[in-house]
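Colleague: Per my numbering, residue 32 is the first one in the sequence shown, and the count goes up by one each step.
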Amino acid sequence: MSVPSTQLETVGAAPAALYQYNDLRIIHLELTHRCNAACPMCARNIHGGAVNPDMPLAELSLADIRQILLPDFIARLKRIYACGNYGDPIVARDCLEVFRYLREHGPGLHLDLHTNGSARRPDWWRQLAAIMQQGPHYLRFGIDGLADTNHLYRRGTDWKTIMRAAEAFIAAGGRAEWDFLVFKHNEHQVEEARRLAREMGFAEFFVRKTGRFLTSGEFETSDRFEVLDKAGQFEYWLEQPADPGYRNPEYSNLEELKTQFGSHQNYLDRVPIDCKVAGSKGKIYLSAQGLVLPCCWLGAVFSEASTPERQQFAQLIESHGGRNVLDARRHGLAAVIESALFQQAIPGSWDQDSIAAGKLAICARTCGRDYDPLEHQRD
Ligand code: SF4
Ligand code: SF4
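1. For Arg134 versus Ile162, is the C-beta distance shorter than 8 angstroms?
2. Using only Cβ atoms and a threshold of 7 angstroms, which residues come within that distance of a heavy atom of ligand 1? Order them by chain position.
3. Using 10 angstroms around the beta-carbon of Gln264, count the other beta-carbons present and answer buried if the total reaches 16, otherwise exposed.
4. Would you call Gln346 buried or exposed, if buried means 16 or more other Cβ atoms sit within 10 Å of its Cβ?
5. Going by beta carbon distance, what residues of the same chain come within less than 8 angstroms of Arg157, once the five residues before and after it are set aside?
6. Go to Glu135, then tell me how far its alpha helix (DSSP H) extends in each direction, as first and last residue.
7. Helix or strand or just coil, what does DSSP make of Trp381?
8. Out of curiosity, what's the CA-to-CA distance linking Arg152 and Ile121?
9. Pull up the DSSP beta-bridge partners for Asn284, would you.
10. So, does the region 252 to 264 touch the region 297 to 316, judging by three or more C-beta pairs under 8 angstroms?
11. Hey, would you say the C-beta of Thr397 is under 7 angstroms away from at least one heavy atom of ligand 2?
12. Candidates Ile174, Asp175, Tyr132 and Phe237: which alpha carbon is nearest Leu159's?
13. Rounded to the nearest angstrom, what separates Glu128 and Thr63 at their Cα positions?
14. Tell me whether Asn414 sits in a helix, a strand or coil according to DSSP, three-state version.
15. Would you report the Cα separation of Asp260 and Cys70, rounded to the nearest angstrom?
16. Beta carbon of Asp143, beta carbon of Tyr117: below 8 angstroms?
17. Per DSSP, Leu58 forms a beta bridge with which residues?
18. Going by beta-carbon coordinates alone, are Leu88 and Gly321 separated by less than 8 angstroms?
19. So, helix, strand or coil for Arg278, using DSSP?
20. Throw me the rounded Cβ distance for the Asp179 and Leu212 pair, which I believe falls under 8 angstroms.
21. List the residues that DSSP assigns as beta-bridge partners of Val332.
22. Alpha carbon to alpha carbon, how far is Val332 from Ser370? Give it in angstroms, no decimals.
23. Given 8 angstroms as the limit, is there contact between the region 281 to 301 and the region 239 to 254, that is, 3 or more CB pairs closer than that?
24. Bridge partners of Leu245, per DSSP?
25. Suppose the cutoff is 6 angstroms on Cβ atoms and the five residues either side in sequence are ignored; what does the same chain contact list for His145 look like?
26. Taking 7 angstroms as the cut-off, is the CB of Ala331 close to at least one heavy atom of ligand 2?
27. Check Glu340 in the structure and name its three-state DSSP category.
28. I'd like the list of long-range same chain contacts for Glu222, defined as Cβ closer than 6 angstroms, with 5 residues on each side in sequence excluded.
29. Where does Ala365 fall in DSSP's three states?
30. Given a threshold of 16 other Cβ atoms within 10 Å of its Cβ, counted over all protein chains shown, does Lys314 qualify as buried or as exposed?
31. Provide the residue span of the beta strand (DSSP E) that contains Tyr169, from first to last.
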């Protein structure tokens, strides 16, 4: 049952522990849950095979964006970047029109987009470049290898389409960047890809070291990750790079953490939380369902509520009026941000003595001070 915004539980003038609406500066925008690819470590599918059955197929239209992100609000933001948990923004039907709208009202806005690059015709990319280049921006292509290897992680993508997209975007004046996720099957190609990026006119080339070889719920990594087909049958392994310099440096701290905390559960219970979005960072996540959450890590709650840590957060939401409290189309951004869930319940959980006592496990895992593979993905 819906809750009108006037009935939202709010904290009035109480001091904000997460942030206030007026502090917002950065929006992580998830335009769609659709994607043309099936990367094995992405939550939108099961190990690169069947589509995640718990994922709602949602998308924000231009009309939704106009309703949620009003012109005067856009004008005071520093950055909007289109990325997301489950989809690739270039697949969204209104992607180009949304970027045109954001640029129109945010001429000084840093307008960024992350993509696998394997869709749309060159003319579409030229139009995107024309819009983005009117202000600060980057477009980051996730290209994990060369013609013979990229598809082993970016399953379903087409090398020629990606190359044509990058060429068209760069030739039209866009600033393109290249993210290269390193595995055993492509580690020998890093320098060749770096050279190709330079020749093509990419402005940056980043080597990325995934933190996703961590065994769930343990302080241990696995050397390999199973890739499945749509029927759930084994196809091949994704393996960690042999060169330790390409492995996530946080993995080398795991033994010490085991000694210090004994178990991953103890770590979650005891580690202090250093939120990546609170306070002056002023960052929110707007999901393809039109829900506003502090970050994309908490934003995955509605499609994978079966894990204990997601169930824990889902229960917290339920006890504060249910998911529709987070619905920006229904209530507007300000009402969601000023709700008790944002201002009290989420940050208030961080000081609890343990996960059992209410400390959010997603927050402890993602933003626990002593283990942060995300921060160390890049050189
Ligand atoms: S391109 Fe992005 S959204 Fe699509 S499957 Fe890969 S990681 Fe997921
Ligand atoms: S997971 Fe929790 S602590 Fe981390 S950024 Fe999100 S809200 Fe902040």
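Just so it is clear, CB atoms sit at the ideal spot from N, CA and C, and this is done for glycine as well.
Modeller: So, from the data block:
1. Against a cut-off of 8 angstroms, the Cβ pair of Ile162 and Arg134 comes out as a contact.
2. Cys66, Ala68, Ala69, Cys70, Cys73, Arg75, Asn76, Gly115, Tyr117, Gly118, Asp119, Asn147, Gly173 and Arg185
3. Around the beta carbon of Gln264, fewer than 16 other beta carbons lie within 10 angstroms, which makes this residue exposed.
4. Gln346 counts as exposed, since fewer than 16 other beta carbons sit within 10 angstroms of its beta carbon.
5. Ala199, Phe200, Ala202 and Ala203
6. Cys126 to His136
7. coil
8. Note on geometry: alpha-carbon atoms of Arg152 and Ile121 lie some 11 angstroms from one another.
9. According to DSSP, which records beta bridges pairwise, Asn284 is partnered with nothing at all.
10. no
11. yes
12. Tyr132
13. Distance between the alpha carbons of Glu128 and Thr63: 14 angstroms.
14. Residue 414 falls outside the range modelled here, since the chain spans only 32 to 410, and no answer is possible.
15. 12 angstroms
16. no
17. According to the sequence shown, residue 58 is Ile rather than Leu. Paired residues: Ile111 and Ile315.
18. no
19. coil
20. Between Leu212 and Asp179 the Cβ distance is about 16 angstroms, and since that is not below 8 angstroms, they are no contact.
21. Its beta-bridge partners do not exist; DSSP assigns none.
22. One Cα belongs to Ser370, the other to Val332, and the distance between them is close to 18 angstroms.
23. yes
24. Among the bridge pairs identified by DSSP, Leu245 is matched with Thr252.
25. The answer, listed in chain order, is Cys114 and Arg171.
26. Because no heavy atom of ligand 2 lies under 7 angstroms away, the Cβ of Ala331 does not count as near it: no.
27. In the structure shown, Glu340 sits in a helix (DSSP, three-state: H, G or I).
28. none
29. helix
30. buried
31. His168 to Gly173
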